[in-house]
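One structure is given below, encoded as structure tokens.
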Amino acid sequence: MKLSGSKGVFLWGVTGFCVLMLSLPTVIVVGASFTSGDIIAFPPQGFSLRWYSELWQLASFKAAFWRSLYVSLICTVIAIPVGTLAAIALSRYRLRARTALQVILLLPFTIPLVVSGLSMMMMFGEVRILGQLWPVGLALCVINLPFMIWSVAASVNAMDPELENAAASCGAPPVQAFFTVTLPAVTPGVITGALLMFILAFNEFLVSLFLTDSRTVTLPVEIYNSIRSVITPDLAAVSVVYIVIALVAVALLDWLVGLDIFLKSK
Amino acid sequence: MAGAVQKARWALLDAVEMLARIVWPAPLRGALGWAFLAPALILVGILVIGLGQMLETSLHELNLATYRLGDAYTLANYATALERPVTWRVLARTLGGAGIVTLVTLLLAFPYAYLLVRTGSAWARKFLLVALFLPFFIGQVVRAYGWLIILGREGLLNSALKAVGLPAQDFLFAYPTVLFGLVQYMLPFAVLLIIPALSAIGEEVELASESLGARWPSTFRHVVLPMAAPGLIGASVVVFTLTLTDFAMPEILGGGTQDFFASAIYDSFFQISNAGLGAALSILLTLIGSVIVAAVFMMAGTGTLGFRGGRR
């Protein structure tokens with residue numbers, strides 16, 4: 001398609017502005033993390049890795065990082081089977097009340113995060129599991145589950161339903177058909193969803209704020225608490241950790257399923 | 267050797283098959299979909315039960331003598347919430363903000379998504395996708411922190427202003443800054459939701475319109491825009507509800523002076539320790555959001571939000 005002339009100028013103009021807006025904070029954070037000064041200033045004073053070495057000595061951030069990793073893994077491990085099965089069921093089986101089911105499964109999206117977080121805080125307090133780490137992972141899985149179902153559902157819909165019938169008519173019993181035909185076909189969606197779940201859980205701040213205390217605080221909450229006091233360059237170094245992880249995730253996504261998967265029409 | 271492995275695999279598969287038949291006999295086959303759905307429904311059930319508890323809490327008034335919630339059921343918290351002028355002020359700020367952010371985000375996201383779908387250059391496409399996903403994968407807190415560095419009193423923007431001889435400005439803790447941060451946060455969501463609708467439009471449709479003499483702005487308006495409606499609906503619903511309920515951006519970039527509704531809920535729970543009032547505000551926010559979403563869905567369908575995508 002021709003994207004030249006006034007159309008091209010318009011499209012690239014708006015998009016260029018968006019790209020600038022999207023990447024500016026990232027670029028600035030990376031730049032600020034390499035300053036040798038004690039405060040964040042522009043242009044940065046000198047170049048040093050001192051804030052990274054100081055960061056590595058900050059026990060609180062290190063501990064928070066490992067907790068975040070643990071919580072995100074729990075969230076992902078729960079989401080993979082639960083979301084995959086739900087997506088297959090929604091797209092493949094004729095269920096009564098499909099619309100109602102979709103509404104129910106979209107609830108984590110429609111209930112405000114602040115309300116979901118506080119609700120689960122109250123509920124986890126009631127059953128006395130507040131203050132542990134695994135319920136945080138479970139809660140993050142609940143609020144992000146639609147992303148998982150969504151990714152897998154896209155893969156299921158892209159699959160030719162006749163494939164399963166063909167397997168069956170060739171004599172494959174149901175379990176075999178499921179493992180040899182259905183699962184491989186939905187794998188790209190599962191990978192995409194799992195990566196999304198991990199990254200979203202790793203970044204999720206508000207629900208974690210309610211479900212953690214000073215002993216179980218996760219990295220985004222730790223950063224938030226620090227932002228509210230003084231802005232020092234060590235926070236920029238922490239943020240770079242996030243940027244690196246995001247880079248890895250994008251690269252993984254591109255390598256395993258291809259970023260173009262998001263360009264297909266559903 | 268390979269044959270033995272193969273044989274073992276078949277034996278295993280047969281065993282699993284047999285087990286499956288015992289655990290899930292054929293007459294139950296029709297219910298298999300429900301069995302697949304059960305875990306997801308249980309997880310969402312946690313949320314529903316929590317919400318029920320929230321509703322229950324909202325019906326008990328704080329007893330100022332004991333500082334505990336009373337036993338009697340009452341609508342007093344809702345009355346208090348609706349009587350306080352601050353509720354309405356914050357609600358107006360939140361709803362207005364959500365409206366503005368949705369509009370601006372869609373205006374920016376639509377050309378971005380269009381270019382992404384239609385560009386012939388694989389390199390440009392990859393660049394735009396990475397530029398989109400990277401911030402999407404960097405959480406709200408880190409992004410807000412980046413804006414603090416840029417917009418702060420001693421930040422990048424003020425340094426630039428000073429360099430050209432202009433006085434420094436206070437960008438932070440202002441309403442437009444909060445909205446700007448929110449637009450930046452929502453942009454990837456909007457683009458990703460518009461893309462499926464746009465890529466469902468055949469290029470030949472646009473070419474046909476242009477070969478019939480329409481200039482691109484009218485093709486855009488009369489062909490692309492209506493056909494992309496499901497994506498625009500999905501994107502606007504998501505951006506609107508996420509903004510309506512956001513906490514971090516108003517807190518960090520607004521510095522507590524630009525409270526959104528979520529902050530009001532937070533304060534009721536943790537600043538004035540009135541869980542009953544906080545719960546009532548929570549239920550109100552959920553209702554407002556749900557009513558708006560339901561109204562959009564009823565008038566315009568679920569757009570690209572359904573689990574089966576944009577096709578209906």
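As given, the protein sequences belong to chains A and B, one line each in that order.
The working numbering puts the first residue of the first sequence at 1, with every later residue one more than the last.
The working numbering puts the first residue of the second sequence at 267, with every later residue one more than the last.
Heads up, the beta-carbon is just placed ideally off N, CA and C, and yes, glycines get one too.
Can you name the residues of chain A whose CB is closer than 9 angstroms to the CB of I416 (chain B)? The residue you call residue 416 (chain B) lines up with position 150 of the second sequence. Result: L24, P25, I28, F42.
Any beta carbon from chain B within less than 7 angstroms of Q176 (chain A)'s own beta carbon? The residue labelled residue 176 (chain A) in the question sits at position 176 within the first sequence. So, interface residue.
Which runs of the alpha helix (DSSP H) spanning at least 4 residues fall entirely within the region 114 to 173 of chain A, listed in chain order? 134 to 158, 162 to 169
Taking the alpha-carbon of R419 (chain B) as reference, which of B:V430, B:G412, B:D436, B:Y411 has the nearest alpha-carbon? Looking up residue 419 (chain B) in the second sequence gives position 153. The candidate whose alpha carbon is nearest that of R419 (chain B) is B:D436.
Return the CA-CA distance between T323 (chain B) and V314 (chain B), expressed in angstroms with no decimal places. In the second sequence, the residue the question calls residue 323 (chain B) occupies position 57. In the second sequence, the residue the question calls residue 314 (chain B) occupies position 48. Computed Cα separation, rounded: 14 angstroms.
Roughly how many angstroms separate the alpha carbons of G576 (chain B) and G8 (chain A), rounded to a whole number? On the second sequence, position 310 is the one that residue 576 (chain B) refers to. On the first sequence, position 8 is the one that residue 8 (chain A) refers to. Because the pLDDT of G576 (chain B) is 35, which lies under 50, any placement of that residue in the model is unreliable, and the number read from its coordinates should be weighed accordingly. Going from the Cα of G576 (chain B) to the Cα of G8 (chain A) covers about 27 angstroms.
Between the C-alpha atoms of V190 (chain A) and L373 (chain B), what's the straight-line distance to the nearest angstrom? As a first step, residue 190 (chain A) is located in the first sequence; it is residue number 190 there, counting from the start. As a first step, residue 373 (chain B) is located in the second sequence; it is residue number 107 there, counting from the start. Each residue's Cα considered, the two are about 32 angstroms apart.
Does I223 (chain A) come within less than 7 angstroms of chain B when only Cβ atoms are used? Numbered from 1 along the first sequence, position 223 holds the residue referred to as residue 223 (chain A). Chain B contact via Cβ: present.
Excluding the 5 residues preceding and the 5 following V238 (chain A) in the sequence, name in chain order all residues of the same chain whose CB lies nearer than 7 angstroms to its CB. In the first sequence, counting from the first residue as 1, residue 238 (chain A) sits at position 238. Within the same chain, V238 (chain A) has close Cβ partners L55, F61, I223.
Can you tell which of B:Y344, B:V559, B:G497 has its C-alpha closest to the C-alpha of V457 (chain B)? As a first step, residue 457 (chain B) is located in the second sequence; it is residue number 191 there, counting from the start. Out of B:Y344, B:V559, B:G497, B:G497 has the C-alpha closest to the C-alpha of V457 (chain B).
Does S465 (chain B) have its Cβ less than 7 angstroms from a Cβ in chain A? Taking the first residue of the second sequence as 1, we reach residue 465 (chain B) at position 199. So yes, S465 (chain B) belongs to the interface.
Where the region 106 to 127 of chain A meets chain B: residues whose CB sits under 8 angstroms from a CB there: L106, L107, P108, F109, T110, I111, P112, L113, V114, V115, S116, L118, S119, M120, M122, M123, E126
Residue closest to A530 (chain B), alpha-carbon to alpha-carbon, out of B:A358, B:M284, B:L335: The residue you call residue 530 (chain B) lines up with position 264 of the second sequence. The candidate whose alpha carbon is nearest that of A530 (chain B) is B:A358.
Just to check my reading of the structure: V407 (chain B) and F205 (chain A) have Cβ atoms closer than 8 angstroms, yes? What is that Cβ distance to the nearest angstrom? Locating residue 407 (chain B) in the second sequence gives position 141, counting from the first residue. Locating residue 205 (chain A) in the first sequence gives position 205, counting from the first residue. Their Cβ separation, rounded to whole angstroms, is 5 angstroms, which keeps V407 (chain B) and F205 (chain A) in contact under 8 angstroms.
Residue span of the alpha helix (DSSP H) that contains L288 (chain A), given as start and end: Any question about residue 288 (chain A) goes unanswered here, given that chain A covers just 1 to 266.
Quick check: what's the CA-CA separation for A89 (chain A) versus V310 (chain B)? By 1-based counting over the first sequence, the position of residue 89 (chain A) is 89. By 1-based counting over the second sequence, the position of residue 310 (chain B) is 44. Whole-angstrom Cα-Cα distance: 16 angstroms.
What do you get for S208 (chain A), buried or exposed, if any count of 16 or more other CB atoms within 10 angstroms of its CB means buried? Your numbering for residue 208 (chain A) matches position 208 in the first sequence. Answer is buried; the Cβ neighbour count reaches 16.
Going by DSSP in three states, L335 (chain B) sits in which element: helix, strand or coil? To locate residue 335 (chain B), count along the second sequence from 1; it is residue 69. Here L335 (chain B) sits in strand by DSSP.
For my contact list, M148 (chain A) and A79 (chain A) are in at a C-beta cut-off of 8 angstroms; report their separation, rounded to the angstrom. Indexing the first sequence from 1 puts residue 148 (chain A) at position 148. Indexing the first sequence from 1 puts residue 79 (chain A) at position 79. Yes, they are in contact, since the Cβ atoms of M148 (chain A) and A79 (chain A) sit about 5 angstroms apart, within 8 angstroms.
Select from B:V396, B:G522, B:I549 the residue whose C-alpha is nearest the C-alpha of Q537 (chain B). Working through the second sequence from its first residue, we reach residue 537 (chain B) at position 271. The shortest C-alpha separation from Q537 (chain B) is found at B:G522.
For the alpha helix (DSSP H) holding Y93 (chain A), just list the boundary residues, first then last. Within the first sequence, numbered from 1, the residue matching residue 93 (chain A) stands at position 93. Y93 (chain A) -> no alpha helix (DSSP H), and no H or E assigned at all.
Beta carbon of D234 (chain A), beta carbon of W66 (chain A): below 7 angstroms? Numbered from its first residue, the first sequence carries residue 234 (chain A) at position 234. Numbered from its first residue, the first sequence carries residue 66 (chain A) at position 66. Result no, Cβ atoms of D234 (chain A) and W66 (chain A) do not sit closer than 7 angstroms.
Closer than 7 angstroms between beta carbons: that is the criterion. Which residues of the region 554 to 569 of chain B meet it against chain A? G555, S556, V559
Which same chain residues, not among the five before or five after G13 (chain A), have their C-beta less than 6 angstroms away from its C-beta? Translated into positions along the first sequence, residue 13 (chain A) becomes position 13. No residues qualify anywhere along the chain.
Identify every residue that forms a DSSP beta bridge with L321 (chain B). As a position in the second sequence, residue 321 (chain B) is number 55, starting the count at 1. Answer is none; L321 (chain B) lacks a bridge partner.
In chain A, what lies closer than 9 angstroms to S539 (chain B) by C-beta? As a working mapping, residue 539 (chain B) is identified with position 273 in the second sequence. The contacting residues do not exist; S539 (chain B) stays about 13 angstroms from chain A at best.
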